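A short write-up of the structure that comes next.
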Amino acid sequence: MNRYPVWKYALIGLALLLGALYALPNLFGESPAVQISPAKPTSHVDAALQARAEEALAAAQLKPVAVGLEPNTLKLRFANTDEQLKAKDVVQRALNPQGLEPPYVVALNLVSSSPAWLSQLNAAPMYLGLDLRGGVHFMLQVDMPAALTQRAEGLASDLRTQLRDQNIRHGGVTRRGEAIEIRVRDAAQQEAVSRLVSDRFPDLLTAAQAAGTETVLSLQLKPDAARRVQEQALKQNITTLHNRINELGVAEPVIQQQGLDRIVVQLPGVQDTAKAKDILGRTATLEVRMVDENADARAAEVGSGPVPFGSEKFNDRSGQPLVLKKQVILTGENLTDAQPGFDNQTQEPVVNLTLDGKGARIFRDVTRDNVGKRMAIVLFEKGRGEVVTAPVIRSEIGGGRVQISGRMTSVEANDVALLLRAGSLAAPMEIIEERTIGPSLGAENIAKGFNSVTWGFVAVAVFMCIYYMLFGVISSVALGVNLLLLVAILSMLQATLTLPGMAAMALVLGMAIDANVLINERVREELRNGVAPQAAIHAGYDRAWATILDSNVTTLIAGLALLAFGSGPVRGFAVVHCIGIVTSMFSAVFFSRGLVNLWYGRQKKLKSVSIGTVWRPAGSAPAQDDN
Numbered sequence: 032m033n034r035y036p037v038w039k040y041a042l043i044g045l046a047l048l049l050g051a052l053y054a055l056p057n058l059f060g061e062s063p064a065v066q067i068s069p070a071k072p073t074s075h076v077d078a079a080l081q082a083r084a085e086e087a088l089a090a091a092q093l094k095p096v097a098v099g100l101e102p103n104t105l106k107l108r109f110a111n112t113d114e115q116l117k118a119k120d121v122v123q124r125a126l127n128p129q130g131l132e133p134p135y136v137v138a139l140n141l142v143s144s145s146p147a148w149l150s151q152l153n154a155a156p157m158y159l160g161l162d163l164r165g166g167v168h169f170m171l172q173v174d175m176p177a178a179l180t181q182r183a184e185g186l187a188s189d190l191r192t193q194l195r196d197q198n199i200r201h202g203g204v205t206r207r208g209e210a211i212e213i214r215v216r217d218a219a220q221q222e223a224v225s226r227l228v229s230d231r232f233p234d235l236l237t238a239a240q241a242a243g244t245e246t247v248l249s250l251q252l253k254p255d256a257a258r259r260v261q262e263q264a265l266k267q268n269i270t271t272l273h274n275r276i277n278e279l280g281v282a283e284p285v286i287q288q289q290g291l292d293r294i295v296v297q298l299p300g301v302q303d304t305a306k307a308k309d310i311l312g313r314t315a316t317l318e319v320r321m322v323d324e325n326a327d328a329r330a331a332e333v334g335s336g337p338v339p340f341g342s343e344k345f346n347d348r349s350g351q352p353l354v355l356k357k358q359v360i361l362t363g364e365n366l367t368d369a370q371p372g373f374d375n376q377t378q379e380p381v382v383n384l385t386l387d388g389k390g391a392r393i394f395r396d397v398t399r400d401n402v403g404k405r406m407a408i409v410l411f412e413k414g415r416g417e418v419v420t421a422p423v424i425r426s427e428i429g430g431g432r433v434q435i436s437g438r439m440t441s442v443e444a445n446d447v448a449l450l451l452r453a454g455s456l457a458a459p460m461e462i463i464e465e466r467t468i469g470p471s472l473g474a475e476n477i478a479k480g481f482n483s484v485t486w487g488f489v490a491v492a493v494f495m496c497i498y499y500m501l502f503g504v505i506s507s508v509a510l511g512v513n514l515l516l517l518v519a520i521l522s523m524l525q526a527t528l529t530l531p532g533m534a535a536m537a538l539v540l541g542m543a544i545d546a547n548v549l550i551n552e553r554v555r556e557e558l559r560n561g562v563a564p565q566a567a568i569h570a571g572y573d574r575a576w577a578t579i580l581d582s583n584v585t586t587l588i589a590g591l592a593l594l595a596f597g598s599g600p601v602r603g604f605a606v607v608h609c610i611g612i613v614t615s616m617f618s619a620v621f622f623s624r625g626l627v628n629l630w631y632g633r634q635k636k637l638k639s640v641s642i643g644t645v646w647r648p649a650g651s652a653p654a655q656d657d658n
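The opening position of the sequence shown corresponds to residue 32 in the numbering used here, with each subsequent residue numbered one higher.
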């Protein structure tokens, strides 16, 4: 009656093995490390850089415990924080010479101390949140007026193009702050401009004002359109920060909106505030400009004359100066994708760009009108522009696909594509709050959370063992299996554990033992009614299952609601809560019954079971063997 087939025991054994295997990395903790990342598109993290770093450390009599070379990131692990700090200074001096723009970001971090064989099995510890791991916290405020100004600048450029295409005469299009002004000389021009704005630019409000012999049409964004611009700027900034931080290898960053114009950024494990600021500031954008090819520009390039008015001087990737016109033809906002590749004819590395509809149209018109002239593609990072390539326009280029080339290696092409995909900030941001949470405080929080879960487990186990005897021991073992599987699944999912998550673990222990209490009391009830022990065990598990399922499903619905609509700490609590409910049903019912069947199921003449005192009514007969 109470016997499991072999395959069920095999399933239990497999679950225990996988649970122990994937929960094991959490016991090794984290070690202090020095993380090296590229600070510019031309910088590379490869085996040669690793050799330079190890050579510098060896000269300073420092030896890392382990070295991990990942795409675009080098991590040097050390035994303690003292060696970590010394190693950071040594690597900083070796890789970033003074007087030059730093080509690499050297930051303090924490990495897993798991053995290599566990890493090869993709067994990794849970990510720890800022409150447990330590790290840096920033509050950034987005400059919304700047976003509206940038939008107005784009609309002004579009208006000039549309007025030229429609052959509408006007006295000039200028931008004043967030407003656009168009000067017209007569009523016919005013009517034509107003009709164009109404048809092609529905987000603009038009107001006319007399200015001498002319009429000035003042155009401003409607309130709804301005709000959409602000929301889009905030979302784009969040996306850009996500891309940039993820590409630099920061594990499980928290980047979320707070209020109408603020963004919260949390970087767990990063202890260097200055380098964290550098990470946040790393954004890249693209501009397409025409090369100024007149005589004054040529003289400025060789240093024999000033830069002409309306032009700017940049350097290309080889350091050669190049004078470009200030007028921007296209920006990174018109870019939808950037992928590295190879030229079909020369087989040299290139970056393939895909433009949106507006960008494709502008690029087609510009290339058609400037055949034989040079067009420069400028990459801006941290406010510094560098000419990636400046080819001669041979013919009209349509279709929205552009190719960037110019003496790039495969690694450089990949880096440039990666930076362009990350995008640029839609509006400037300012750090208005910053906090550093040290690893010592995180360790204290971990210790307190661990103690709360441990002592809660011990208290529950002691009570169950005293009150339910052997069934209580089995319930306690099942409770331990539940905790093991919960940690293993969180580790497999690479979830982030926070203090609310540890609180959810303690709650899950209480909820998990509740199922075993229902089962044990149901078995007691059957024994109290005079049912044989084997039949009482069978009936206790079968009849308690419906109650356990109903209670857990309703609790799971509440947890899923928290997961769907919550954020931050609430969401962290909900993740652990929902997973704990699923594991508790497995351990409390399936696993505990497997142990009970293993202990009692093969006893043919079972007289009694060790489940504590079974209170029977006076005069009732004791339970008989079901055989």
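Just so it is clear, CB atoms sit at the ideal spot from N, CA and C, and this is done for glycine as well.
None of the values given here were measured: they were computed from a predicted structure.
Using DSSP bridges, identify the partner residues of residue i.
i: Ser143; result: Glu61
i: Gly166; result: Pro299, Ile468
i: Ser249; result: Glu212, Ala238
i: Val433; result: Leu384
i: Asn346; result: Pro352, Glu417
i: Val98; result: Leu107
Using C-beta distances below 8 Å, list every residue in its chain close to residue i, excluding the 5 sequence neighbours before and after it, in chain order.
i: Ala401; result: Position check: residue 401 holds Asn in this sequence, whereas Ala was assumed. Counting only Cβ-Cβ distances below 8 Å, and skipping sequence neighbours, we find Met321, Ile424.
i: Ile428; result: Phe394, Arg395, Thr398
Taking the CB atoms as reference points, tell me whether residue i and residue j lie closer together than 9 Å.
i: Phe617; j: Leu516; result: yes
i: Gly166; j: Leu298; result: yes
i: Ala407; j: Phe340; result: no
i: Gln115; j: Ala64; result: yes
i: Asn103; j: Val137; result: no
i: Ser62; j: Ser143; result: yes
i: Lys356; j: Asp323; result: yes
i: Gly503; j: Gly643; result: yes
i: Glu364; j: Gly416; result: no
i: Phe232; j: Leu161; result: no
i: Ala534; j: Asn583; result: no
i: Ile520; j: Leu163; result: no
i: Met170; j: Gln289; result: yes
i: Val247; j: Ile213; result: yes
i: Met175; j: Gln287; result: no
i: His168; j: Glu464; result: yes
i: Ile211; j: Ala183; result: yes
i: Thr385; j: Asp368; result: yes
i: Leu549; j: Thr578; result: yes
i: Leu291; j: Leu265; result: yes
In chain order, what residues of the same chain lie with their CB nearer than 6 Å to the CB of residue i, ignoring the 5 residues before and after it?
i: Gly611; result: Leu517, Val539
i: Leu236; result: Gln251, Lys253
i: Gln263; result: none
i: Asn513; result: Ala543, Thr614, Ser615, Ser618
i: His608; result: Ala535, Gly590
i: Ser483; result: Ala537
What's the gap between the Cα of residue i and the Cα of residue j?
i: Val613; j: Val419; result: 54 Å
i: Leu279; j: Ile67; result: Confidence in Leu279 is poor, its pLDDT being 49 and thus under 50, which makes the residue's placement too unreliable to answer from.
i: Arg553; j: Val640; result: 13 Å
i: Pro146; j: Pro156; result: 11 Å
i: Thr440; j: Glu379; result: 8 Å
i: Leu637; j: Tyr631; result: 8 Å
i: Lys106; j: Arg207; result: 49 Å
i: Gly532; j: Val409; result: 46 Å
i: Gln525; j: Glu461; result: 31 Å
i: Thr529; j: Ile294; result: 20 Å
i: Ile588; j: Asn57; result: 29 Å
i: Val215; j: Glu209; result: 20 Å
i: Ala331; j: Pro133; result: 28 Å
i: Gly390; j: Ile468; result: 45 Å
i: Ala257; j: Trp148; result: 55 Å
Tell me which residues share the same chain as residue i and place their Cβ nearer than 7 Å to its Cβ, disregarding the 5 neighbours each side in the sequence.
i: Gln197; result: Leu227
i: Gly480; result: Leu530, Met533
i: Gly597; result: Ala605
i: Cys496; result: Gly503, Val504, Ser507
Task: the stretch 622 to 631 in contact with the stretch 507 to 525 per 3-pair CB rule at 8 Å - done: yes
Task: Segment contact flag, the stretch 600 to 608 with the stretch 533 to 546, C-beta cutoff 8 Å, min 3 pairs - done: yes
Open item on the list: Quick test of the definition: if touching needs 3 or more C-beta pairs under 8 Å, does the stretch 560 to 570 touch the stretch 199 to 206?
Closed with: no
Task: the stretch 76 to 91 in contact with the stretch 115 to 125 per 3-pair CB rule at 8 Å - done: yes
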